[in-house]
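First comes the structure, then the notes that go with it.
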Amino acid sequence: MSISWTAYGPHVSVLDSPERGGYPYANSLLVRGSAESVLIDPSRGLLDAPPATDLTLVSHGHEDHMVALDRYASPVHCHRQDLPIVHDPSLLAQATGAPPETLDDITAMVVDEFEVSGRPDAVAFESGSTFDLGGCQITVVFLPGHTRGHCGFLIEPDGFFFTGDIDLTGFGPFYGGLDSNLEDFEASLHACREVDARWYGTAHQKGVIEGATDFRERLDAYAGAISRREAQLMDFLTEPRTLEEIVAHRIVYRPHVTGPHVDPVERRTAALHLERLLASGAVSVNDERYLAR
């Protein structure tokens, strides 16, 4: 597979990834300063020709953002909350919440399709950490919710903000892992709105959006999936329902989507919404059955 990059400003290039970075691919970034170069999120499109850089940054500990880390001689950094998975990718399967009998299949998929390997030497960065490359600087922007340690990166002076898996896709926000949090994700969406940049780069499909106005409109549409899921759940709870009935009903995936990840994601997503609805009094629970009030 031939590899090409598109430049945005004097320092930032985005991988021309197959299907614009649609999963299982992702949009990697290459940032070059006068002193050092950095790769952000090594993805499947780089398997055949990983670029030589001085440092590798990982936005979060998911397989499509940390492909073949063992092929990179440069040091690896990620947020401390996701560092355990970068150290030991076998933890990826556990983070899905999948039942024990499917964990081996998920781990095999990660190894076979993404060639993910651990980097026990990876070290942590924190929110606000900076990397000076000479003539340009990368600042870590903490955006949890998708995972505990999910981060974006603001690259100056180019005015490029990489939002990672706050990816603006029609699927909507993904907060269906055991390490996901709905309120944190909503706070991160708000934090993204406050960042003024020239370009906004996403990890999947939508690619690079130019201008804050367009980005914020797309961000609001993307965030709307959260309220739509909650409204769909409330409609379903006009009669008492168990959690397993809610899982089978689906508020995340369409009925034709199959795989070992589907039920765990539906269960975790529903549980996070139910927790909020119970706290607000919008839903009651009796004998493990949930009912809209």
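Per our numbering, the sequence shown starts with residue 1, numbered consecutively. Note that the Cβ used here is the ideal one computed from N, Cα and C, for glycine as well.
Among D121, G176, D167, which one has its Cα closest to the Cα of V265?
Working through the sequence shown from its first residue, we reach residue 265 at position 265. Measuring from the Cα of V265, the nearest candidate turns out to be G176.
I need the DSSP call for E210, collapsed to helix, strand or coil.
Here residue 210 is taken as the residue at index 210 of the sequence shown, counted from 1. If DSSP states are grouped into helix, strand and coil, E210 belongs with the strands.
Euclidean distance between Cα positions of V247 and D263
What you label residue 247 is simply residue 247 of the sequence shown in a count that begins at 1. What you label residue 263 is simply residue 263 of the sequence shown in a count that begins at 1. For V247 and D263, the distance between alpha carbons rounds to 6 Å.
Would you say H249 and F185 are within 8 Å of each other, going by their C-beta atoms?
On the sequence shown, position 249 is the one that residue 249 refers to. On the sequence shown, position 185 is the one that residue 185 refers to. No, they are not a contact pair.
According to DSSP, is V67 helix, strand or coil?
As a first step, residue 67 is located in the sequence shown; it is residue number 67 there, counting from the start. It is coil, neither helix nor strand.
Going by DSSP, name the residue or residues bridged to A7.
Looking up residue 7 in the sequence shown gives position 7. Looking at the DSSP assignment, A7 forms a beta bridge with S13.
Could you give the DSSP three-state label for L227: helix, strand or coil?
To locate residue 227, count along the sequence shown from 1; it is residue 227. Per the sequence presented here, residue 227 reads as Ser, with Leu not at that position. It is helical.
Note down the Cα distance separating G128 from R293, rounded to an integer number of angstroms.
Position 128 of the sequence shown holds residue 128. Position 293 of the sequence shown holds residue 293. Whole-angstrom Cα-Cα distance: 43 Å.
Nearest-angstrom Cα distance between P50 and V141?
Residue 50 sits at position 50 when you count from the first residue of the sequence shown. Residue 141 sits at position 141 when you count from the first residue of the sequence shown. Each residue's Cα considered, the two are about 25 Å apart.
Pull up the CB-CB distance for L39 and L30, whole angstroms please, since I reckon it's below 8 Å.
In the sequence shown, counting from the first residue as 1, residue 39 sits at position 39. In the sequence shown, counting from the first residue as 1, residue 30 sits at position 30. Indeed they touch by this definition, with Cβ atoms about 6 Å apart.
If you check the beta carbons only, do E115 and V58 fall under 8 Å apart?
Counting from 1 along the sequence shown, the entry for residue 115 is found at position 115. Counting from 1 along the sequence shown, the entry for residue 58 is found at position 58. Contact: no.
Burial state of N27 (16 or more Cβ within 10 Å):
The sequence position of residue 27 within the sequence shown is 27, counting from 1. So N27 counts as buried.
Helix or strand or just coil, what does DSSP make of R44?
Here residue 44 corresponds to residue number 44 of the sequence shown, with the count starting at 1. The answer is helix: DSSP assigns R44 an H, G or I state.
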